[in-house]
Structures are given as C-alpha cells and as structure tokens.
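One structure below.
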C-alpha cells in the first residue's frame with residue numbers, strides 16, 4: 004500500500020491565499036451596519052480551534068483529515084475569484100481555517116457555523132435590524148464555541164494533571 008505524501012505547509016499556504024482573497028472582509032466589517040462586529044464573531048468562532056491547538060501543542064499535519072478541506076478551500080477560492088463571488092471566497096477561508104485546525108469534536112458543525120462572521124449572514128438577515136443581526140452573529144459564534152466544547156474539556160483535564 005502506498006503511503007500518502009505529506010506536504011507540510013500546503014494547508015497554511017492555502018490559508019494565506021484565502022486570507023489575501025478575503026481582504027474585503029475588513030471593509031465590510033467596518034462600513035456595513037449589518038456586518039458590524041463580524042471581526043469579533045470571527046475571533047469567538049476561532050476559539051475552539053485555538054484551544055485544540057494549545058491542548059495538542061501542534062497544528063494538525065494529518066493529510067488524511069485535512070487535505071480535503073484544503074482542496075475544498077482552494078477550489079472555492081479560485082471559483083469565487085473567477086466568478087467575482089465574495090461569498091465563495093469567504094467560504095474558502097472557513098475551510099482553510101478548518102484545514103489548519105487540529106481535529107476536535109464537532110469540527111464540521113463548527114465549520115457550518117462559520118456563517119456567523121461572513122457578510123452573507125447580514126445579507127440573509129437584512130429584514131432584521133442591524134442590532135438584531137449583530138446579536139444573531141455573536142450568538143451563533145458563541146454557539147460554535149459551546150457546541151465544540153470538546154477542546155475546552157480537554158484543556159480543563161490537562162490543567163488538573
């Protein structure tokens with residue numbers, strides 16, 4: 004049986020590309036009333052991945068678990084760039100974050116809740132007031148942390164040893 008070739012750094016390169024392609028997020032978060040505090044939602048949303056990274060002391064390098072997320076991120080990013088659809092590039096950024104994050108409990112649900120920091124949520128909820136959208140945005144980000152509580156439990160166990 005052939006062992007897969009490990010390409011260290013590919014996931015990080017894809018993340019860097021996706022961050023560069025999603026630079027418009029800063030403008031949306033700064034100027035759109037429906038996207039205010041999206042940067043805070045992103046920070047909250049990243050907490051489970053950061054905790055998992057500190058608990059495991061290493062970023063994930065398992066190609067079997069992360070490579071499909073990196074390839075998905077790359078495909079979404081290139082498609083978004085070709086079609087001029089920022090929502091695809093933002094989705095690519097979410098997949099790229101998931102590709103570099105260590106494995107943790109309910110990572111796919113966490114990935115789905117990435118919508119909390121994307122401007123697409125503001126567009127989908129444009130019928131609400133801007134304050135309501137911000138509350139929903141921060142609530143979904145907090146739900147992502149709460150539902151991915153596995154890394155938090157691991158961190159607690161590690162601190163009591």
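In the working numbering, the protein residues as written are 4 to 164.
Note that CB positions come from ideal geometry on N, CA and C, so glycine has one too.
Quick caveat: nothing in here was measured; it's all calculated off a predicted structure.
Check	Outcome
What residues in its chain sit with their C-beta under 7 Å from that of residue 117, if we drop five residues either side in the sequence?	48 and 97
Between the stretch 9-29 and the stretch 125-138, do at least 3 Cβ pairs fall closer than 8 Å?	no
Look at the alpha carbon of residue 86 and the alpha carbon of residue 121, and state the distance between them as a whole number of angstroms.	18 Å
Kindly list the residues whose CB is nearer than 7 Å to the CB of residue 68, restricted to its own chain and excluding five residues on each side of it in sequence; keep chain order.	Unreliable positioning characterises residue 68 in this predicted model, as indicated by a pLDDT of 47, which lies under 50. A coordinate reading is not provided.
Hey, out of 50, 15 and 30, whose CA is closest to residue 89's CA?	30
Tell me which same chain residues have a C-beta within less than 6 Å of the C-beta of residue 37, skipping the five on either side of it?	125, 133 and 136
Kindly list the residues whose CB is nearer than 8 Å to the CB of residue 131, restricted to its own chain and excluding five residues on each side of it in sequence; keep chain order.	139
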